[in-house]
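J.:
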Amino acid sequence: VLANVIAFLSLLATLLAGLAHPFGWAVHKETHILLGIFATVLVLFAHSTTIFYFIGTGSYIKKLFHEEAVDQSLWDRTRAFKKRLFPWILCGMATIGATFILGGAVDTGHVSSLVHLGMALVAVAVNYAAIKQEIPLLAENIRVMRAAEASPGSPGEVGCGAENEILRPAASYAVSVWLPRASITFV
């Protein structure tokens, strides 16, 4: 949740930096570009992590269901979460990517800055809607994991074990791949 909120705030900061020039605020174009790169990477990473979290916990509940350790209602709930959330997240990722590409087209003079601004406003709106969906669904998913843990046939400690099994590879990937690339790019 925190990564998604920070990503959204960086998206807003990028929008404000882009609007600075028309309003006469003293913000350099390069600041907007760097914020745009940072916000794009952060939004894509936060949304990707959320998707993998829901896929992983849903797969774990599905496995428990097939082992007859939990009721089908828990598996149905995790599938419903994905149906509600994934379209918003994927649209958020697509709009931030399109905004980033249009920003490059504006920088090279191939597209009007108004087109880029329009897509940026759509990206902010869609990503806000995605985050608004994510927060309650993450809380509900935690309740589902706890219910699975409390089921009579469950191996127990589902909440801690499954979440750590899913987050550990994502964190390892972030540290081993993204951080060295970020330091090479910006140093």
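Sequence positions in the sequence shown follow my numbering and run 1181 to 1367. A virtual CB, placed ideally from N, CA and C, is assigned to each residue, including glycine.
Determine contact between the segment 1219-1237 and the segment 1258-1265, defined as no fewer than three beta-carbon pairs at a distance below 8 Å.
T.: Taking 8 Å as the limit for Cβ pairs, the verdict is that the segment 1258-1265 does touch the segment 1219-1237.
J.: Measure the alpha-carbon distance for THR1258 versus ALA1300 and round it to whole angstroms.
T.: Approximately 31 Å, taken between the alpha carbons.
J.: Does the segment 1186-1197 touch the segment 1291-1308, meaning 3 or more C-beta pairs lie closer than 8 Å?
T.: As far as the Cβ criterion goes, the segment 1291-1308 touches the segment 1186-1197, which means the pair count is three or higher.
J.: Go ahead and pull the three-state DSSP assignment for GLU1247.
T.: Note: GLU1247 maps to coil in three-state DSSP.
J.: Could you check whether ALA1310 and ILE1269 sit closer than 7 Å to each other, using their CB atoms as the reference points?
T.: It is a contact, given that the beta carbons lie within the stated cut-off.
J.: I'd like the span of the alpha helix (DSSP H) that includes TRP1268, first residue to last.
T.: Note, TRP1268: alpha helix (DSSP H), 1252-1287.
J.: Within 10 Å of its beta-carbon, does LEU1254 have 16 or more other beta-carbons around it, so buried, or fewer, so exposed?
T.: The residue is buried, with at least 16 neighbouring Cβ atoms inside 10 Å.
J.: I need the DSSP call for SER1228, collapsed to helix, strand or coil.
T.: SER1228: helix per DSSP, three-state reduction.
J.: Quick one: give me the first and last residue of the alpha helix (DSSP H) that SER1331 is part of.
T.: Counting along the chain, SER1331 falls outside any alpha helix (DSSP H), and DSSP gives it neither H nor E.
J.: By a C-beta neighbour count over all protein chains shown, 10 Å radius and 16 as the cutoff for buried, is ALA1328 buried or exposed?
T.: With 16 or more other Cβ atoms within 10 Å, it is buried.
J.: Measuring only the C-alpha atoms, how far is GLY1216 from LEU1222?
T.: Cα to Cα, GLY1216 sits roughly 10 Å from LEU1222.
J.: Go ahead and label VAL1250 buried or exposed: buried means 16 or more other beta carbons lie within 10 angstroms of its beta carbon, across all protein chains shown.
T.: That one is buried.
J.: Cα-Cα, which of GLY1198, ALA1226, THR1220 is closest to ASN1184?
T.: Measuring from the Cα of ASN1184, the nearest candidate turns out to be ALA1226.
J.: PHE1261: which of GLN1313, TRP1205, PRO1332, ALA1187 sits nearest, CA to CA?
T.: PHE1261 has its Cα closest to that of GLN1313, out of GLN1313, TRP1205, PRO1332, ALA1187.
J.: Label LEU1182 either buried or exposed according to how many other C-beta atoms from any shown protein chain fall within 10 Å of its C-beta, with 16 as the threshold for buried.
T.: That one is exposed.
J.: What is the DSSP secondary structure of HIS1212, counted as helix, strand or coil?
T.: Of the three classes helix, strand and coil, the one that applies to HIS1212 here is helix, per DSSP.
J.: Would PHE1280 pass as a contact of THR1211 if the rule is Cβ separation under 7 Å?
T.: Cβ atoms of PHE1280 and THR1211: not closer than 7 Å.
J.: Closer than 7 Å by C-beta to ILE1315: which residues in its own chain qualify, once you throw out the five before and the five after it? Chain order, please.
T.: For ILE1315, where only same-chain residues beyond five positions count, the Cβ hits under 7 Å are VAL1181.
J.: May I have the straight-line CA-CA distance separating GLY1204 from PHE1218, to the nearest angstrom?
T.: Looking at the two C-alpha atoms, the distance is approximately 23 Å.
J.: Roughly how many angstroms lie between the CA atoms of GLY1238 and SER1292, to the nearest whole one?
T.: Cα to Cα, the separation comes out at about 43 Å.
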